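Just so we're aligned, residue 175 is where the sequence shown starts under the numbering used here, counting upward by one. The beta-carbon is built from N, C-alpha and C at its ideal position, and this holds for glycine as well. Owing to the predicted nature of the structure, the values given are computational and were not obtained by experimental measurement.
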Amino acid sequence: MVTKTIFRKIAKLHEELELKINEVYDENDIIKVAERSLLLIDESIRKLKTLVSFHKFENLGEEVHFFKNLKPKFISKFIYYSTVLDLESHKPNAGKNALNEYYEAELEKLKNFYKEQSDFYSYYRREATYLDHKIFVRDSYDLKMKLSLGFYNFDTSFTTSHDQLIAKFMANEKIEQYLIKQIDRLSENNGDETSSRLVWTASKVGLIELVYALYNMRCFNGGNVELSEVVRFVEKSLGIDLGNFHKTIFEIRNRKKGPTKFLNLVIDNLNQYFQNMEGD
């Protein structure tokens, strides 16, 4: 099987995984969400491993792309939901102050991790490439760099020296957002002072189409966020219930007249508005 075909299969596998995770989302029971998500992610990673473990990439660029950009998307999800499950199943059954200290302590752990990995984290954030041929290629590594203590226990057919760290960075960014969100919730007032006065008066389908388009353009958190989180934020901000949005997205995709009905309407109206301004 050629690499381009494998990459297409991987893209589809990741897209299907995100949709399945969205289906099990329940903001009121994050522990069950994490447990169910981990089962789905595990299944997807096993399929990913089957696709790649015995595949010989046609060039180093393709192999680097897989281990630096594609595989970490799956592994980071596993790390994220594993961490959330651990956090929520071990949090103290106590008041707001104790919970706040608990989440703050977890944030401090993240900061310490970044300090320990500061050199490679800088490499990751700068999107540097000069070491890629050593650290994102199988059976190739640089002993001068800091390696995981369990490095020699890795499956060398499916692991390089640093792809796990990329996944960890990606997961930690989401974990940090999660912890900050929990801390903010603890400090929120019980009143409705912060509720939005804006009301969405167009169709719900149109809003989902717009949100999904922005999500796929990586407009939120640089793309390092689940679609379900974006949808819940929009629902809370606008005081609207978008229901089974993953089903709506499926229906939008399969429209006979194309998936961008609302976006086309937005473009047409904006163009018309600017044309009218020029005529004034």
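In the three-state reduction of the DSSP assignment, residue 229 falls in the coil class, being assigned neither a helical nor a strand state. Relative to the Cα of residue 260, the nearest Cα in the group 205, 442, 352 belongs to 205. When the beta-carbon positions are compared, residue 222 and residue 248 come within less than 8 Å of each other.
Here the C-alpha atom of residue 328 lies approximately 40 Å from the C-alpha atom of residue 268. In terms of Cβ geometry, residue 379 and residue 422 form a close pair [threshold 8 Å]. Between residue 246 and residue 341, the beta carbon gap of about 4 Å places them in contact (Cβ cut-off 8 Å). Rounded to whole angstroms, the gap between the alpha carbons of residue 349 and residue 440 is 35 Å. Excluding the 5 residues flanking it on each side, residue 218 has same chain C-beta neighbours closer than 7 Å at 187, 191, 248, in chain order. The alpha carbon of residue 224 has as its nearest neighbour, out of 442, 331, 357, the alpha carbon of 331. Taking C-beta atoms as the reference points, residue 213 and residue 195 fail to come closer than 8 Å. Taking 8 Å as the cut-off, the Cβ atoms of residue 414 and residue 383 do not count as close. Rounded to the nearest whole angstrom, the C-alpha separation of residue 391 and residue 429 is 21 Å. Cβ neighbours of residue 360 within its own chain (closer than 7 Å, five residues either side excluded): 270, 273, 274. Closest by C-alpha distance to residue 255, out of 395, 347, 336, is 347.
Bounds of the alpha helix (DSSP H) holding residue 235 are 234-239. Taking the CA atoms as reference points, residue 448 sits about 17 Å from residue 437. Approximately 24 Å separates the beta-carbon atoms of residue 402 and residue 276; this is outside 8 Å, ruling out the contact.
Here residue 343 is buried, its C-beta having at least 16 other C-beta atoms within 10 Å.
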